[in-house]
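Engineer:
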Amino acid sequence: MSEISKELLDCFRPPAFPGSFFLSFEGIEGAGKSTQLKHAKEFLEEKGFRVLVLREPGGTSFGEKLRKSILESKEPINPLAEAHLFCSSRAQLLQEVTLKELSTPGTVVILDRYLDSTIAYQGKARNLGTQTILELHKHFPLNLVPHLTLYIKISLETSHSRQKLRNIPKDYFESQGDDFYKLLIEGYEEAARLFPDRISTIDGEQSFEAVQEAICERLESLAQSRQEANK
Ligand code: TYD
70 MSEISKELLD
80 CFRPPAFPGS
90 FFLSFEGIEG
100 AGKSTQLKHA
110 KEFLEEKGFR
120 VLVLREPGGT
130 SFGEKLRKSI
140 LESKEPINPL
150 AEAHLFCSSR
160 AQLLQEVTLK
170 ELSTPGTVVI
180 LDRYLDSTIA
190 YQGKARNLGT
200 QTILELHKHF
210 PLNLVPHLTL
220 YIKISLETSH
230 SRQKLRNIPK
240 DYFESQGDDF
250 YKLLIEGYEE
260 AARLFPDRIS
270 TIDGEQSFEA
280 VQEAICERLE
290 SLAQSRQEAN
300 K
C-alpha cells in the first residue's frame, strides 16, 4: 500500500451544508451500481429528501463534451491527460451543479462515480499512483468528498459473467483485459483503506435484495443524522 501523508488525506472533507448530503456509488462493470443507485434515490425520496443523480464524467455541457472525447476516443489517451480530463469534468460539475444544489437544505446529490474511480482507474490501473491522484484533487472544489461512498464489490469472475449476460458494446475502458480489472479492484481496496470513515464496502456477490438492504441500512442512519441537523 502506498504511504500517503496525513496532511494530504486531511485536505479531503465533505461539503458543510446542514441538512443536505452527498453520496457516491462505485464499482467495476457488472457490480449493479446503476440499479442500486436508482433504488437508493427512491428510498431517500420516500424519506422526504430532494434527490439529484449526476454522472461522471459529464453532468454539465462542458463535462459531456469531455465525456465524449474520453469514452469515444479511438486512440490511447496519455494517463495523466486522462486524469486531468476527469478532474476538469468533476471541477465543473461541482461548481455548476453539486454545490448549488446542496445549498438547498434537504437535498441529496448522488454521484454515479467520483474520486475513487479516478484512484482505481487512473491511479492504479493506469499506474499514475494514488498520491498523484490525491495531489490533483487537493484544492477546492476538488477536495470535497461525499459524506458516504458505497463501493459495491464483486470479483473479476462475477464481472465477466454479468457482462456476458448483458452483451452490450464495450466503451474505451470496458474493452480492457483481466489485468486492468484486477488492478481496478486493488485500487478500490486501497481507496477503502485510505478513507475508512467515508467508504463503505458492500458485498456485491449477494442477491440484489441483500445488497439493497445493506445499502438502505447505511443510508438510514446517515439520513437521520442529516435530518436532525436540518431541524
Ligand atoms: P460509464 O458509461 O458512465 O460507466 P459505468 O456505467 O461503468 O459507470 O463510463 C464511465 C467510464 O469512465 C467507466 O469505465 C469508468 C471511467 N472513469 C475513469 O476512468 N475515471 C474516472 O474518474 C471516472 C469518473 C470514470
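Using the working numbering, you'd call the opening residue of the sequence shown number 70 and step up by one each time.
Virtual Cβ for every residue (Gly too), placed ideally from N, Cα, C.
These numbers were taken from a predicted model, which means no experiment stands behind them.
(1) The alpha helix (DSSP H) that contains Leu168, what's its start and end?
(2) Which value, in whole angstroms, describes the spacing of the CA atoms of Val120 and Ala109?
(3) Just reading off the alpha helix (DSSP H) that Thr346 is part of, what are its end residues?
(4) Kindly give me the distance between the Cβ atoms of Tyr183 and Ser103, rounded to whole angstroms, as I take these residues to be in contact under 8 Å.
(5) Roughly how many angstroms lie between the CA atoms of Gly88 and Tyr190, to the nearest whole one?
(6) When the Cα atoms are used, what is the spatial distance from Cys80 to Arg267?
(7) What is the residue span of the beta strand (DSSP E) that Leu78 lies within?
(8) Roughly how many angstroms lie between the CA atoms of Val178 and Pro83, to the nearest whole one?
(9) Is it the case that the Cβ atoms of Gly99 and Arg262 are separated by a distance below 9 Å?
(10) For the alpha helix (DSSP H) holding Phe81, just list the boundary residues, first then last.
(11) Tell whether a beta-carbon distance below 9 Å holds between Leu217 and Phe90.
(12) With a 10 Å radius around its C-beta and 16 neighbouring C-beta atoms as the bar for buried, classify Arg235 as buried or exposed.
Structural biologist: Let me lay it out:
(1) Leu168 to Leu171
(2) Val120 and Ala109 have their C-alpha atoms spaced approximately 10 Å apart.
(3) Nothing about residue 346 can be read from this structure; the chain reaches only from 70 to 300.
(4) Incorrect: roughly 15 Å between the Cβ atoms, too far for contact.
(5) Answer to the nearest angstrom: the Cα atoms are 32 Å apart.
(6) If I take the Cα positions, the gap works out to 14 Å.
(7) Looking at the DSSP string, Leu78 is not in any beta strand (DSSP E); the run it does join, the alpha helix (DSSP H), is Lys75 to Leu78.
(8) The straight-line gap from Cα to Cα measures roughly 12 Å.
(9) no
(10) Looking at the DSSP string, Phe81 is not in any alpha helix (DSSP H), and its letter there is neither H nor E.
(11) Result yes, Cβ atoms of Leu217 and Phe90 sit closer than 9 Å.
(12) exposed
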